Every structure is written in structure tokens, then in C-alpha cells.
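Contents: one structure, followed by commentary.
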Amino acid sequence: MKREGLLRKGNKSALTAAIVNTVISIIKGIAFFITGNVAMFAETMHSLGDAANQFFVYIGSALSKKAPTDRYPNGFGRLVNLVLLGAVLIVGIMSYETIKEGYHHILHPVASTGTSIIINLVVLGIAVALESFVLYKAMKEVLHEVGVEAKGLAIISKSFANLGRSKPATKLVFMEDLVATSGGVIAIIGILLSYFAGWHFAEGVASMMIGIMMFYVVGKVFLDNAKGALSEADDELEAEIADFIFTNPEIKDIRTLFAMKEGEDYHIEMKLEIDTSISVTDAIKIKNRIEGKIQEMRGITDVIIEFEEDDGVPTWVNTYKLAGEK
């Protein structure tokens with residue numbers, strides 16, 4: 001596959017967010033250079049980190065679609081997790097610098113002038129509007145990936161409810177732009193309090209709050225992608241597949257069933273106990289039928305099924321449903 005064709009398969013919301021955040025970081029950087037406002041510094045660092053991060057995400061999500069090779073027969077699905085693990089380090093560094101600068105401003109507050117206030121508020125207002133647009137696009141992408149339809153304000157609530165089921169790259173973009181939008185609002189409040197209420201330390205507090213929110217994204221994304229890199233099992237998907245398996249009367253029991261996330265996709269392995277009276281030809285037909293139905297489920301690209309003779313002893317326990325009943 002040509003490199004150009006591979007890049008077209010990258011996460012579109014990450015590319016959009018990267019471009020928008022690059023523009024925003026340039027605008028904020030110019031405003032900081034003119035005004036020297038610490039809250040604007042925090043927002044500049046935030047947008048710059050997000051832009052770099054999201055470019056990495058886009059490239060990583062594209063490369064993860066590369067077909068398996070003789071040297072890497074299992075494919076490159078987990079590459080997106082590894083790229084994201086590296087990308088969050090950038091946000092972590094930016095978070096530290098933002099908190100440090102905010103703390104310094106709290107200890108040594110500096111009053112802003114009327115001209116700088118106008119510049120900062122205009123720039124931050126534009127940035128919040130652009131970030132809100134990107135966040136809305138990410139919300140729609142979340143719903144598209146999980147197969148949920150929504151219109152109007154329902155897009156917001158349903159995107160939050162289904163965020164955990166979205167792809168790692170989309171989840172990162174969603175969280176970063178949620179923090180970016182919130183951070184812009186916090187920075188505006190800090191500037192207003194500093195100028196009109198005389199609380200000059202408020203800009204430093206706003207900077208520290210933005211940095212702390214960035215650290216939260218770092219921790220959340222790191223844990224999620226560490227699980228993906230290690231092929232974490234998905235109990236909910238396993239339960240859904242098991243429910244389907246038992247709709248096939250020929251299957252008497254499930255000895256093992258694993259739904260393992262590899263990058264943005266799922267790898268399914270199972271051992272099924274089958275009626276001993278079924279012929280080999282019929283067993284192959286049953287296997288192909290089950291594989292076909294499972295591969296139609298969203299996000300599943302690989303299914304491995306093994307059959308064993310029914311031993312008459314029930315093995316499968318739906319641990320996901322049991323956990324929900326407690």
C-alpha cells in the first residue's frame with residue numbers, strides 16, 4: 001500500500017484537531033508575545049502540545065492500518081497505542097511548564113493593562129469557538145464509531161456516555177479538546193478577575209488549573225493505551241459474543257472466549273464445545289457462519305474458532321453480567 005493511501009486511513013478527527021490547534025497556538029503565541037499574560041502562556045503551551053500530540057495520533061492511527069508482513073505477521077494494530085503512549089509525554093512536559101509558570105505568577109503577580117486585556121479576550125474567544133467546533137466534530141466521530149445515532153443536544157450527552165467504547169485516537173482528541181475548551185473559559189475568567197476585581201493572582205491560578213487538567217488527560221490516556229498495548233480483554237464484548245454463540249443450538253458450551261483489543265480493533269479467540277453427532281462438513285459450515293456474524297460486529301477484524309467435543313460439564317460463566325448484578 002502506498003504511503004499516501006495509508007495516510008488517508010488516519011483518524012480524521014485527529015487531523016482536523018491538529019490543524020486547528022496549530023493555527024490556535026500561533027495566534028495565542030503572538031498574543032502572549034505582545035501581552036506577556038501568564039494565562040495566555042498556559043493556553044499557548046496547551047494548544048501547542050495538543051497540536052503536536054494530535055499530529056502524532058493521526059500518523060500513528062494511519063500506520064496501524066498497515067497490512068501484516070512476514071516479519072510482523074500479527075500486523076501493526078498496537079502501533080497506535082505505542083504512539084499515543086509517546087505522545088502523552090509531550091502533553092506531560094507542557095503540563096509541568098504550565099503549572100510552574102502559574103505558580104510563579106501567584107507568588108509574583110503582575111497587573112495586566114487594558115490593551116492586553118482586549119487582545120487576550122479576543123484571542124481566547126476565537127480559540128474557544130474553534131475548540132468547541134473541533135470538540136463537536138469529535139463527539140460526532142465517537143457516535144459514528146460506536147454506531148449510535150443522535151441529533152441536536154443529544155449528541156453531547158450520548159458522546160459522553162459512549163466515549164469509553166470509541167477508538168483510542170478519537171478518545172484522546174475528545175478529551176484534549178474538552179480540556180482545551182474548558183481551559184479557554186477558565187483563562188478568560190482568570191483574566192477578568194485579575195483586571196476588574198484586582199485579583200492579579202487569578203491568572204496564575206487559571207494557569208495551574210489548566211495544567212492540572214492537562215495532567216489528568218496524560219494519566220487517563222496513558223492508562224488506556226497501556227491496556228491496549230498489552231491487549232486488554234473486553235468483558236462487555238465477550239458477553240455480547242457469548243450471547244450470540246448460545247443462539248446457535250449446535251453449540252453446547254463455551255470453554256474459552258477472549259476479546260482482545262489490539263490498537264483500534266479487536267481480535268477474538270474462542271474454544272467451543274459442539275454436539276459430537278455433528279459431521280465434520282457441518283461443523284465447518286457452523287464455524288464459517290459464526291465467524292461471519294462475529295466479523296460483522298463493529299471493530300472486529302480477526303476471529304479464531306476451535307471446536308472440541310462436548311464434555312457435558314458447563315464451563316462458561318458470564319462474568320460481565322454477574323458484575324453488573326452485584
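Heads up: the sequence shown begins at 1 in UniProt numbering, then just goes up one per residue. Glycine included, each C-beta is placed from N, C-alpha and C at the ideal position. Predicted model only: the values in this text are computed from it and were never measured.
- By the criterion of at least three beta-carbon pairs nearer than 8 Å, the region 186-194 is not in contact with the region 238-250.
- With contacts defined by Cβ atoms closer than 8 Å, valine 217 and glutamate 176 form a contacting pair.
- In the three-state reduction of the DSSP assignment, arginine 298 falls in the coil class.
- Nearest in C-alpha terms to alanine 31, of all of Lys137, Ala202, Ile118 and Pro68, is Ile118.
- Between alanine 42 and asparagine 53, the alpha-carbon positions lie close to 16 Å from each other.
- Contact between serine 47 and isoleucine 24 is confirmed by a C-beta separation of about 5 Å, below the 8 Å threshold.
- Under DSSP, leucine 272 takes part in a beta bridge, and its partners are Ile254 and Phe307.
- Rounded to the nearest whole angstrom, the C-alpha separation of aspartate 70 and glycine 77 is 15 Å.
- No Cβ-Cβ contact shorter than 8 Å links methionine 208 with glycine 49.
- A Cβ-Cβ contact shorter than 8 Å links isoleucine 290 with isoleucine 305.
- Only residues of its own chain outside the window of five on either side were considered, and among them Lys252, Asp253, Glu273, Ile274, Asp275 and Thr276 have a CB closer than 8 Å to the CB of aspartate 310, listed in chain order.
- Taking all protein chains in view, the Cβ of proline 68 is surrounded by fewer than 16 other Cβ atoms within 10 Å, so the residue is classified as exposed.
- DSSP, read as helix, strand or coil, puts histidine 108 in coil.
- DSSP, read as helix, strand or coil, puts alanine 197 in coil.
- Taken atom to atom, the span from the alpha-carbon of alanine 169 to that of alanine 226 is near 13 Å.
- Distances from the CA of glutamate 250 to each of Glu203, Ser61, Phe307 and Thr35 were compared; the closest alpha carbon is that of Phe307.
- Taking a cut-off of 8 Å on C-beta distances, the region 196-204 does not touch the region 151-165, as fewer than three cross pairs fall below it.
- The distance from the Cβ of leucine 85 to that of phenylalanine 222 is about 6 Å, consistent with a contact at the 8 Å cut-off.
- If you ignore the 5 residues before and after isoleucine 286, its C-beta comes within less than 6 Å of the C-beta of Glu250, all in its own chain and listed in chain order.
- In this structure, Ile189 is the residue among Thr22, His267, Phe258 and Ile189 with its C-alpha nearest to the C-alpha of asparagine 120.
- In the three-state DSSP reduction, aspartate 234 falls in the coil class, being neither helix nor strand.
- For aspartate 50, DSSP records no beta bridge to any residue.
- With 16 or more neighbouring CB atoms inside 10 Å of its own CB, isoleucine 27 falls in the buried class.
- Within the same chain, Arg255, Thr256, Glu306 and Glu308 come within 7 Å of lysine 271 by CB-CB distance, once the 5 residues on both sides are set aside.
- Annotation: glycine 92 to leucine 82 spans about 16 Å, alpha carbon to alpha carbon.
- DSSP places isoleucine 34 inside the alpha helix (DSSP H), whose first and last residues are 12-35.
- Closest in alpha carbon position to leucine 15, among Ile126, Lys137 and Met94, is Lys137.
- Assignment of alanine 242 by DSSP, reduced to helix, strand and coil, places it in the helix class.
- With fewer than 16 other Cβ atoms inside 10 Å of its own Cβ, alanine 197 counts as exposed.
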